[in-house]
Amino acid sequence: MTIRRIFSGPARLAAIAPLVWLTLFFLLPFGFVLKISLSHTVIAQPPYAPLIPLTGGFEALRAALAQLDLGNFASLAADELYVMSYVRSLVVASASTALLVAIGYPIAYGMARLPPARQPLAMMLVIVPFWTSFLIRIYAWINVLQHDGLLNRVLLALHVVDKPVVWLSTDTAMYLGIVYSYAPFMVLPLYATLARMDVSLLEAAADLGCSRLKAFWLVTLPLSLRGVAAGALLCFIPIVGEFVIPDLLAGSERLMIGQTLWLEFFTNKDWPVASSIAVVLLAVLLLPLLVFQRLERRSVEGGTR
Amino acid sequence: MRARALAGLSAFNAVSLALGLAFLYLPIVILVAYSFNASRLVAVWGGWSLRWYGELLHDRAMLDAAWMSLRVGVCAATAATLLGTLAAVALARGGGFLGRTLMSGMLYAPLVMPEVMTGLALLLLFVAVDAERGFWTVVIAHTTLTMCFVAVIVQSRLAGLDRSLEEAAMDLGCSPARAFAAVTLPLIAPAIAAGWMLAFTLSLDDLVIASFTTGPGSATLPIRIYSEVRLGVRPEINAICALVIVAVALLIVAASLITKFAGGSRDAAAPL
């Protein structure tokens, strides 16, 4: 006990550098997002005003606070474009997450039931695409899905269709890309849960007369729900703000909120509106984020492997 | 341990596993194959050729971007490994300290935070302090993102370690710092190495955060590839993508060899 306490002293010192770094470069920046979301748009460099003066003391700060403008948020709520973007993002993220659970669960289950000696290889095979560039994997799909791409040629050769199908710039392509890119994020936490499960529970169920299907429904599924939740949040949260996949694979008539933010920032150069979009997005994602952190902290710090 | 009947792979399991892996790998295989296509037209197979790799050598902008990405990746991964390992040690061995909840919150949030938000937030910070945007701002941004992944990997390795080894070293007269250096560090070294490589590949991969935080004239490889990809499929892009894939594959093989020879556990390479 005392030895552990001695050890924890220096270990706590180790926290200083990462804590300072994350405060400076993760927490503080979101303060700036909040601040600029309350500013006016001006055509200048940088394209916003006013700044909260950091040097003017309390009075100047109060004067600045009085000037803050909630107009950006009002225009977000009033403009159908933004509202529809948020709705589309949430719909796409929910549907993709459901698809990912449906596809990821059988894969993870299959992996967990492999002979133990083969499991590391299977895990490696699932992880490798995760290490391969995200952008390159989406580009790989453009290769396959384009007008004269492999998919259309295979379908034509098999006489499934008689003229090339439009795959690119559709929601189908976008969902395909999302499921493809996020599959490892769903499979790995699920696999970790399923592999850790005590198989003797299934034997007990079988002894008590359960069919395999019923044993799965009554034993395996409830025990793996935490893995499902971890995988689902690991996919859902970033998909809501996804930019690259819808930008390259979906059509441009309906945008997800990540694309709208990108557009406001890079094309319209409207930093205050882009910041307001980010603030609202953070508010939308706050609850899933908190739940995810709880799950993650428990799984990493639990150490019960 | 495991009942034989249950350990066996049913036909359903085998098929779903095989289909899943085919889904994951087929597009990448096709991409690499087409990078050797002699024909400029994607629909036409013109025989095997290294032509597009040759053309890449003359693409100055692409080569500059690749060099920028490599330098950013090495700097960011090194800084992230240092900071991420420190954070993991503090969380796994520090007990309950002031700011612990804050730190673990700030460590897990970037793992899932949409990149457009992290990118925008960092850019606004850099503009507010009037930092010149370019190489170093991207390094800072990537360090912030990837240190969290390093921390998760190292922390799960630390959580799985037998603490009695450290205690034995201290019983034998080691100072805590010495016990850490002599006992703990060698044991978590494979996880640290895997963390560095994951950080490097994530940095090499990132488009969104780099787009926000870089300045004019310093495009990274993904920014360059993205601007080309928007215009459609080109064989030169297939070639550069194939090269990146091979480079990353070599890194992974190196990582798994390090893990193997160091006698590390198999979850050292598991990112999450």
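Respectively, the protein sequence lines represent chains S and P. Following the working numbering, the residues of the first sequence are numbered contiguously, the last one being 307. Following the working numbering, the residues of the second sequence are numbered contiguously, the last one being 279. Note that beta-carbon positions come from the ideal geometry of N, C-alpha and C, so glycine has one too.
Just so you know, the alpha carbons of V260(P) and W203(P) end up roughly 14 Å apart.
Contact with chain S is absent for M69(P), since none of that chain's Cβ atoms lies less than 8 Å from the residue's Cβ. Neighbours of P224(S) in chain P, taken as residues whose beta carbon is under 8 Å from its own, are absent, since the nearest beta carbon is some 18 Å off. Cβ atoms of I216(P) and G102(P) stay farther apart than 8 Å, at about 33 Å.
As computed with DSSP, H149(P) is found in no beta bridge at all. Counting only Cβ-Cβ distances below 7 Å, A184(P) has contacts in chain S at P12, in chain order. Short of 7 Å from the beta carbon of R47(P), and not among the five residues preceding or following it, lie these beta carbons of its own chain, in chain order: P242. Annotation for T153(P): A83, A84, A87, A206, L209, S210 place their beta carbon closer than 7 Å to its own, counting only its chain and skipping 5 residues before and after.
Closer than 8 Å to the CB of Y115(P) there is at least one CB belonging to chain S. The beta carbon of P223(P) sits no closer than 8 Å to any beta carbon of chain S. Sequence-distant Cβ neighbours of L263(S) in its own chain, meaning closer than 7 Å and more than five residues away, are A276, I279, A280. DSSP places E122(P) in the uninterrupted alpha helix (DSSP H) bounded by 122–135. In the displayed model, N44(P) falls within a strand according to three-state DSSP. Residues of chain S whose Cβ lies closer than 9 Å to the Cβ of D212(P) are, in chain order, W133, T134, S135, F136, L137, I138.
Taking the beta carbon of N20(P) as reference, the chain S residues within 7 Å of it are Y111, G112, R115, listed in sequence order. Taking C-beta atoms under 8 Å as the contact rule, I109(S) and L24(P) qualify, at a distance of about 6 Å. Chain-order list of chain P residues neighbouring A280(S): V123, M124, L127, A128, by C-beta distance under 8 Å. Contacts between P229(P) and chain S, judged by CB atoms closer than 8 Å, involve S135, L137 in chain order.
Closest in C-alpha terms to A97(P), from the list F156(P), W55(P), M124(P), V161(P), comes V161(P). Residue contact check for V246(S) against chain P: a CB pair falls below 8 Å. M110(P) has a beta carbon lying within less than 8 Å of a beta carbon in chain S. Taking every protein chain shown into account, the CB of A189(P) has fewer than 16 other CB atoms within 10 angstroms, so this residue is exposed. Near chain P, meaning a CB-to-CB distance below 7 Å, the residues of the segment 15–41 of chain S are A16, A17, A19, P20, L21, W23, L24, F27, F28, L29, L30, P31, F32, F34, V35, I38. Between S76(P) and T191(P), the C-beta spacing is not below 8 Å. Secondary structure at W52(P): coil, using DSSP grouped into helix, strand and coil. Look at V253(P): its C-beta is not under 8 Å from any C-beta on chain S. The criterion of a C-beta distance shorter than 8 Å is satisfied by L93(P) and A19(S).
Of all residues in the segment 256–285 of chain S, only G260, L263, W264, F267, F268, W273, A276, S277, A280, L283, L284 come within less than 8 Å of chain P when Cβ atoms are compared, listed by chain position.
Closest option to L223(S), judged by alpha-carbon separation, among V103(S), I38(S), R14(S): V103(S). If you ignore the 5 residues before and after G233(S), its C-beta comes within less than 6 Å of the C-beta of M188, P191, L192, all in its own chain and listed in chain order. Here W169(S) is buried: its Cβ has 16 or more other Cβ atoms, across all protein chains shown, within 10 Å.
Excluding the 5 residues flanking it on each side, L152(S) has same chain C-beta neighbours closer than 6 Å at V146, in chain order. A Cβ of chain P is located within less than 8 Å of the beta carbon of N145(S).
In this structure, the beta-carbon distance from M199(S) to L225(S) falls below 8 Å.
Between G106(S) and T172(S), the CB-CB gap reaches or exceeds 8 Å.
Chain P places no beta carbon closer than 8 Å to that of L210(S), leaving this residue out of the contacts.
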